[in-house]
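Right, one structure below, let's go through it.
Protein chains: 2
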Amino acid sequence: MRLVLVGFGNLGRGLSRALIQKASFLRRSHGLIPRVVAAVDEFGAAVDEKGLNLTRLLKVAGKAGTVAAYKGGKRGKLALRVIEGVEADVVYELTPTNIKTGEPGLTHIKRAMWARKHVITSNKGPLVVAFGELDSLARRCGVEFRYSASVGGAVPVVGLAKELLAGNEIREIRGVLNGTTNYILTRMSREDAPFEVVLREAQELGVAEKDPTLDIEGIDTACKITILANSLLGMNARLKDVKVAGIKRVRPEAIRLAREAGQTIKLIGIAKRGSLEVGPKLVPLGHPLAVGGTLNAVTFELDLAREISITGFGAGPKETSSSLLGDLIDIHRTLGG
Amino acid sequence: MRLVLVGFGNLGRGLSRALIQKASFLRRSHGLIPRVVAAVDEFGAAVDEKGLNLTRLLKVAGKAGTVAAYKGGKRGKLALRVIEGVEADVVYELTPTNIKTGEPGLTHIKRAMWARKHVITSNKGPLVVAFGELDSLARRCGVEFRYSASVGGAVPVVGLAKELLAGNEIREIRGVLNGTTNYILTRMSREDAPFEVVLREAQELGVAEKDPTLDIEGIDTACKITILANSLLGMNARLKDVKVAGIKRVRPEAIRLAREAGQTIKLIGIAKRGSLEVGPKLVPLGHPLAVGGTLNAVTFELDLAREISITGFGAGPKETSSSLLGDLIDIHRTLGG
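Protein sequence lines, in the order shown, are assigned to chains C and L.
The opening position of the first sequence corresponds to residue 16 in my numbering, with each subsequent residue numbered one higher.
The opening position of the second sequence corresponds to residue 16 in my numbering, with each subsequent residue numbered one higher.
If you want it as structure tokens, here you go:
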């Protein structure tokens, strides 16, 4: 399988490391021999149809700040030229999320599909802005489209519902889908500390970003709930359809009172037909959604299985490469590999 | 898809109800039109190549105690004749588990494979006794072999690891895999009550069987750990390879002490290469394995995703039909449906 990596930040580099580390495992266990024939970032591109040396790519790109520093690499805005011009089977779209326009990921994905390339993405932007369009474009172009890493990081939320629970009708999806806010709420609970104090410490530790707005105001969770609603409930929802509240106003006293009643407070995204919502909610201690730290968790309410929950790490380049590789193996199998 | 149901106890009836209830869903969502062309139990068989009327089958079999009472049904030991003689695509092997011989399920499954029929089973017996043989027989005969319902009931443990976490190497599997013992330990913990008292009440409620040996001595969990080790870790283990301890000797004081240290006691099955074990273990409160009631839960330790856990109902005919139908949909997809 010839791969193009578009975006070479944390996730692109994490995927590259996983491809190096797991080369013999992928061949032995899945008959899969991935070959990265191009890598592109915002400053340039490295192309080699025989396959880039990923160890060297990681080294030179790490030092120079761009893949263009790779032997024979070129500088410039080259993403579209590479996506359309380089012969490849799969395009990994791993650029940063823009939830307003979906760009540049949206255009990357469309051009890749038009060029009859399968697409795997971690990018929430295009999925929030144009899920329906991309889903039907993939079908029209006869290509596979996978986005496991866009929701839940390492936790295979979409695949669990689509593949393994396929006999069920999904009545409701509830999820702790943002590690930063879960970390903050967990520490507020354990230390009885106010939101502002814990947020500042989380920023110092790198768990929260300098501008944490998207996380703490619930927007990131709302994006993920939108993606789940569209891909699993057959909805045609946009971000504006989600009623959103963040965690700024959650006070340690409220968490303490909840605990005394055998509950805790989590930022929960909820999707059911006709209603999308994100906000702080009471969760019984001992329920699978009452996970601590930076963990993510999703509970499906189903007509046959009743309730199935899945938990794991929702972020981190190594963890997320589990989903990025899982999507590749799934495409390989779907194509009869 | 033409189906044969072998065994018409709780699971066979639960599956039949699900097939009735979900007929239009399966057609609409998966293009799948299941038709039960035969049902067999230990007293006889009902066969109709145009498809049995499942509502009527449930009614007459419920009243007479055998599917032979269906119009045109025959009495006698007919399983093998039906499995081999009736034209069908998939055989559901749903007879009771015998962990010593695997029979009658083992012979049913082999004959079905030899007759080039795909097999879906919930029966732990054949899997514990002859996993390797059945796995390679399926490949030799060119048929699909699925056994999701044998471990975890409604919880798709095997599929999660095989399909969605396929990019990972599994370092360890830990699971709460027996609802009865989990119910007993949960109540012992909540009520500070001794094992014998809670067991008796569980028997009165029907949560524990009259002879609860297989559950409380950890044998049922050991069967499931054996199946997971063979199917997911590539081992060739037998039940005797599992070091087993049950929950009889767990005392409420021990659970209380554990709780004071932020832990609880669960009956945990553990599989890693070279070591299979079942016994009461400490689990931190808040960990996904610290589930209560009759829930099942499994945690995978993985090289990329680190830790992924899944939780749900491990038994019940309706819940388990989620896995039995999921396997059917998966075979349908694999065959290009």
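Note that beta-carbon positions come from the ideal geometry of N, C-alpha and C, so glycine has one too.
Which of the three DSSP states is assigned to residue i in this structure?
i, result
"Lys115/C", "coil"
"Gly327/C", "strand"
"Tyr198/L", "helix"
"Gly100/C", "helix"
"Glu108/C", "strand"
"Asp56/L", "strand"
"His45/L", "helix"
"Arg409/C", "Nothing can be reported for residue 409/C: it is not among the residues displayed for chain C, which extend from 16 to 352."
"Ala61/C", "strand"
"Lys177/L", "helix"
"Leu430/C", "Given that chain C is displayed from residue 16 to residue 352, the structure contains no residue 430/C and the question cannot be resolved."
"Val259/C", "strand"
"Glu322/C", "strand"
"Arg50/L", "strand"
"Gly120/C", "helix"
"His81/L", "In the sequence as displayed, the identity of residue 81/L is Thr instead of His. Reduced to three states, the DSSP call for Thr81/L is coil."
"Leu350/L", "coil"
"Met250/L", "coil"
"Glu216/L", "helix"
"Arg264/C", "coil"
My assumption, with CB atoms under 8 Å, is that residue i sits in contact with residue j. Please give the rounded CB distance.
i, j, result
"Ile188/L", "Ala286/L", "4 Å"
"Pro303/L", "Thr326/L", "6 Å"
"Gly221/L", "Leu192/L", "Not a contact, Cβ separation roughly 20 Å."
"Ala145/C", "Leu121/C", "6 Å"
"Thr335/L", "Leu41/L", "That belief does not hold up - the Cβ atoms of Thr335/L and Leu41/L are roughly 17 Å apart, past 8 Å."
"Leu310/L", "Pro295/L", "In fact, because the Cβ distance is near 17 Å, the residues do not count as touching under 8 Å."
"Val82/L", "Gly88/L", "6 Å"
"Ala320/C", "Ala330/L", "Ala320/C to Ala330/L, Cβ: 12 Å. No contact."
"Val21/L", "Val106/L", "6 Å"
"Gly80/L", "Gly307/C", "That pair is no contact at about 51 Å."
"Tyr85/L", "Leu69/L", "That pair is no contact at about 10 Å."
"Gly352/L", "Gly46/L", "6 Å"
"Leu340/C", "Ala33/C", "6 Å"
"Tyr162/C", "Val173/C", "7 Å"
Count the other C-beta atoms from every protein chain shown that fall within 10 angstroms of the C-beta of residue i, then say buried if there are 16 or more, exposed otherwise.
i, result
"Ser290/C", "exposed"
"Ser338/C", "buried"
"Arg126/C", "buried"
"Lys239/C", "buried"
"Lys78/L", "exposed"
"Ile48/L", "exposed"
"Ser137/L", "buried"
"Leu350/C", "exposed"
"Lys115/C", "exposed"
"Ala217/L", "buried"
"Ala94/L", "buried"
Could you pull out every residue in the same chain whose Cβ sits closer than 8 Å to the Cβ of residue i, ignoring the five residues on either side in sequence?
i, result
"Arg43/C", "none"
"Leu317/C", "Leu180, Asn183, Glu184, Ile185, Arg186 and Ile323"
"Ala237/C", "Leu254, Val257, Val259, Gly284, Leu291 and Val293"
"Lys177/L", "Ser246 and Leu247"
"Ala103/C", "Arg17, Leu18, Val19, Val52, Ala53 and Lys132"
"Thr228/L", "Ile234"
Going by DSSP, what residues sit across from residue i in a beta bridge?
i, result
"Leu297/L", "Ile280/L"
"Asn311/C", "Gly327/C"
"Ala286/L", "Ile188/L and Leu291/L"
"Val306/L", "Paired residue(s): none; Val306/L is not in a bridge."
"His133/L", "Val105/L"
"Val21/L", "Val55/L and Glu108/L"
"Arg274/C", "Answer is none; Arg274/C lacks a bridge partner."
"Lys89/L", "Ala60/L"
"Arg71/L", "Paired residue(s): none; Arg71/L is not in a bridge."
In chain order, what residues of the same chain have a beta carbon less than 6 Å from the beta carbon of residue i, not counting five sequence neighbours either side?
i, result
"Ala130/L", "Glu99"
"Ala305/L", "Thr279 and Val298"
"Pro119/L", "Thr110"
"Arg50/C", "Arg17 and Gly66"
"Phe160/L", "Val134 and Ala153"
"Val313/C", "Val172, Gly190 and Ile325"
Kindly list the residues whose CB is nearer than 7 Å to the CB of residue i, restricted to its own chain and excluding five residues on each side of it in sequence; keep chain order.
i, result
"Ala208/C", "Arg202 and Pro267"
"Val101/L", "Val19, Val52, Ala53 and Val62"
"Leu175/C", "Ile325"
"Ala252/L", "Thr241, Ala244, Asn245 and Leu291"
Is the beta carbon of residue i within less than 8 Å of some heavy atom of the ligand HEM?
i, result
"Glu316/L", "Of ligands this structure carries none, so the ligand HEM is not represented either."
Give a yes or no on whether 9 Å exceeds the smallest Cβ distance from residue i to chain B.
i, result
"Leu180/L", "In the structure shown, chain B cannot be found, because the protein chains are C and L."
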